[in-house]
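Participant: To start, I am sharing the structure in question, which I have written as structure tokens.
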Amino acid sequence: MTDLATRRLGRSELQPAALGLGGAWWHKAGRQGTIAGIEAALDLGMNFLDTYPGQHEQTWGDVLAQDGRREGVYLQAKVSCHVRNERTSDHSAAKTRSSVEGSLRDLRTDYLDSVIIHGYDQPEQLQTGDILDPLAPGNALDELLKMKAEGKVRHIGIGARSAEVHKRAIATGHIELILTYLEYNLLTQAAATELFPLCRELDVGVILASPLAMGLLTGAEPDAADEQHKIRDLTEPRAQRMWRWCQERDIDIRHLAIQYCLAAPVDGFVLPGQASADEVRSSYEAATCTVGADVWREFGGEFGIGVEGLV
Numbered sequence: 009m010t011d012l013a014t015r016r017l018g019r020s021e022l023q024p025a026a027l028g029l030g031g032a033w034w035h036k037a038g039r040q041g042t043i044a045g046i047e048a049a050l051d052l053g054m055n056f057l058d059t060y061p062g063q064h065e066q067t068w069g070d071v072l073a074q075d076g077r078r079e080g081v082y083l084q085a086k087v088s089c090h091v092r093n094e095r096t097s098d099h100s101a102a103k104t105r106s107s108v109e110g111s112l113r114d115l116r117t118d119y120l121d122s123v124i125i126h127g128y129d130q131p132e133q134l135q136t137g138d139i140l141d142p143l144a145p146g147n148a149l150d151e152l153l154k155m156k157a158e159g160k161v162r163h164i165g166i167g168a169r170s171a172e173v174h175k176r177a178i179a180t181g182h183i184e185l186i187l188t189y190l191e192y193n194l195l196t197q198a199a200a201t202e203l204f205p206l207c208r209e210l211d212v213g214v215i216l217a218s219p220l221a222m223g224l225l226t227g228a229e230p231d232a233a234d235e236q237h238k239i240r241d242l243t244e245p246r247a248q249r250m251w252r253w254c255q256e257r258d259i260d261i262r263h264l265a266i267q268y269c270l271a272a273p274v275d276g277f278v279l280p281g282q283a284s285a286d287e288v289r290s291s292y293e294a295a296t297c298t299v300g301a302d303v304w305r306e307f308g309g310e311f312g313i314g315v316e317g318l319v
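When we follow the working numbering, the leftmost residue of the sequence shown carries the number 9, and every step to the right adds one.
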């Protein structure tokens, strides 16, 4: 039994629960911790599982092979990721096929519900020649389209921070869903103007990742020195003010952070980056607890955030 609503993921017509299980950080949990986290998520009704190659997919496959669990979930894999300590992204056809085949093998399944082209965050990367263009003929997108025709991949998406990267991919007509991170949360709502209107117009599903801003909105005091380089442009003054505001009122900022993303005006769902069974349960609590309309009005007024869908 779950209190999570079902969402529509754009024209893919996938219908996941409103809260998913993120895959980026489970390498920190170890095998038993990962198993406990997946089982907690399934017990709570989180049926969209986002995996990451080269780290934990074999463990996920072991869990999903039990009692027909695979058929009850949506599985999403990524290609062209930074794997372990490799800081390069390979968008070639050969690497793309190898990555998908590896995920299929490790996850012990014969199809993936969605595959995200990853590892391409800014348009400038193509101009410098640092990476192959995943959308160019003969590269990642073309290979995924072949694998879709083969029945191994059901839907294709792209994961990036830059709105321009998303727009360019959507313009191909082949992208049914996007994964955007750090561009729609309590700290910034850039995606609401830069991406959501286009996604609504073209019926592209949106996965809102990093609702807790990679640790800034977990309830611990924000410290820019400890945060990843990707979010230093979002950090201290605003996050600190929000943290203090919540501390003074005995409010868990995680509840606000996740529920704010759940109310985003777009077809999609929220994907936190959990890394333990406790974090899975706390994300579920944040998604399903009651936050009063008066809290939202005061918070929205203090920080200039629209809360129309929350009151």
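Virtual Cβ for every residue (Gly too), placed ideally from N, Cα, C.
1) Put Q84 into one of helix, strand or coil per three-state DSSP.
2) So if DSSP puts A25 in a beta bridge, which residue, or which two residues, is it bridged to?
3) In this structure, does DSSP put I261 in helix, strand or coil?
4) Specify, as a first and last residue, the run of the beta strand (DSSP E) that G165 falls within.
5) Quick check: what's the CA-CA separation for E209 versus T188?
6) Please state whether the Cβ-Cβ distance between L115 and Q84 is less than 8 Å.
7) Hey, how far is the Cα of G159 from the Cα of R19?
8) Under three-state DSSP, which class holds S291?
9) Can you find at least 3 beta carbon pairs, one from the segment 201-219 and one from the segment 174-181, that sit closer than 8 Å?
10) From the DSSP output, in three-state form, read off I43 for me.
11) Hey, how far is the Cα of H35 from the Cα of A285?
12) Take A171 as the anchor and find which of A49, H182, K154 and L190 has the nearest alpha-carbon.
13) If contacts are defined as beta-carbon pairs under 8 Å, then H182 and L220 qualify, I think. What distance do you get, rounded to the angstrom?
14) In the DSSP assignment, what are the bridge partners of L112?
15) For my contact list, F307 and L264 are in at a C-beta cut-off of 8 Å; report their separation, rounded to the angstrom.
16) Count the other C-beta atoms from every protein chain shown that fall within 10 angstroms of the C-beta of V319, then say buried if there are 16 or more, exposed otherwise.
17) For Y189, which residues does DSSP report across the bridge?
18) Verify whether the separation of the beta carbon atoms of A25 and T10 is less than 8 Å.
19) Hey, F277 and L27: beta-carbon distance below 8 Å or not?
20) Starting from D70, trace the alpha helix (DSSP H) both ways and give me its first and last residue.
21) Are the CB atoms of I124 and K86 within a distance shorter than 8 Å?
22) What residues are listed by DSSP as bridge partners for F277?
23) Does DSSP put I125 in a helix, in a strand, or in coil?
24) Measuring only the C-alpha atoms, how far is R252 from V315?
25) Apart from the five residues just before and just after A283, which ones in its own chain have a Cβ nearer than 7 Å to its Cβ?
26) Evaluate P245 with the Cβ neighbour count: other Cβ atoms within 10 Å of its Cβ, from every protein chain shown; 16 or more gives buried, anything less gives exposed.
27) To the nearest angstrom, how far is it from the Cα of D141 to the Cα of G165?
Facilitator: So, from the listed chains and residues:
1) Indexing the sequence shown from 1 puts residue 84 at position 76. DSSP places Q84 in strand when its eight states are reduced to three.
2) For the purposes of this step, residue 25 is taken as the residue at position 17 of the sequence shown. Partner(s): T14.
3) One-based indexing of the sequence shown puts residue 261 at position 253. Helix.
4) Translated into positions along the sequence shown, residue 165 becomes position 157. G165 -> beta strand (DSSP E) spans I164 to A168.
5) Residue mapping note: residue 209 aligns to position 201 of the sequence shown, counting from 1. Residue mapping note: residue 188 aligns to position 180 of the sequence shown, counting from 1. E209 and T188: Cα-Cα distance of roughly 17 Å.
6) In the sequence shown, counting from the first residue as 1, residue 115 sits at position 107. In the sequence shown, counting from the first residue as 1, residue 84 sits at position 76. In terms of Cβ geometry, L115 and Q84 do not form a close pair [threshold 8 Å].
7) Residue mapping note: residue 159 aligns to position 151 of the sequence shown, counting from 1. Residue mapping note: residue 19 aligns to position 11 of the sequence shown, counting from 1. Take the alpha-carbon of G159 and the one of R19: they are about 18 Å apart.
8) Residue numbering aside, residue 291 sits at position 283 when the sequence shown is read from its first letter. It is helical.
9) yes
10) For the purposes of this step, residue 43 is taken as residue 35 along the sequence shown, with counting starting at 1. Three-state result, I43: helix.
11) If you number the sequence shown from 1, residue 35 lands on position 27. If you number the sequence shown from 1, residue 285 lands on position 277. Whole-angstrom Cα-Cα distance: 13 Å.
12) Here residue 171 is taken as the residue at index 163 of the sequence shown, counted from 1. Checked all of A49, H182, K154 and L190; the closest Cα to A171 is L190.
13) Against the sequence shown, residue 182 aligns to sequence position 174. Against the sequence shown, residue 220 aligns to sequence position 212. Contact doesn't hold; Cβ gap of about 31 Å is too wide.
14) For the purposes of this step, residue 112 is taken as the residue at position 104 of the sequence shown. The bridge partners DSSP lists for L112 come to none.
15) Taking the first residue of the sequence shown as 1, we reach residue 307 at position 299. Taking the first residue of the sequence shown as 1, we reach residue 264 at position 256. Correct: roughly 6 Å between the Cβ atoms.
16) Taking the first residue of the sequence shown as 1, we reach residue 319 at position 311. Exposed.
17) The sequence position of residue 189 within the sequence shown is 181, counting from 1. DSSP lists A217 as partners of Y189.
18) Numbered from its first residue, the sequence shown carries residue 25 at position 17. Numbered from its first residue, the sequence shown carries residue 10 at position 2. Yes.
19) Along the sequence shown, one-based indexing puts residue 277 at 269. Along the sequence shown, one-based indexing puts residue 27 at 19. Closer than 8 Å, so yes.
20) Within the sequence shown, numbered from 1, the residue matching residue 70 stands at position 62. That run of the alpha helix (DSSP H) goes E65 to L72.
21) Within the sequence shown, numbered from 1, the residue matching residue 86 stands at position 78. Within the sequence shown, numbered from 1, the residue matching residue 124 stands at position 116. Yes.
22) Residue numbering aside, residue 277 sits at position 269 when the sequence shown is read from its first letter. I215.
23) For the purposes of this step, residue 125 is identified with residue 117 of the sequence shown, where counting begins at 1. DSSP places I125 in strand when its eight states are reduced to three.
24) To locate residue 252, count along the sequence shown from 1; it is residue 244. To locate residue 315, count along the sequence shown from 1; it is residue 307. Approximately 20 Å, taken between the alpha carbons.
25) Indexing the sequence shown from 1 puts residue 283 at position 275. So the qualifying residues of the chain are W33, W34, K36 and A37.
26) Within the sequence shown, numbered from 1, the residue matching residue 245 stands at position 237. Under this definition P245 is an exposed residue.
27) If you number the sequence shown from 1, residue 141 lands on position 133. If you number the sequence shown from 1, residue 165 lands on position 157. Their Cα atoms are separated by approximately 15 Å.
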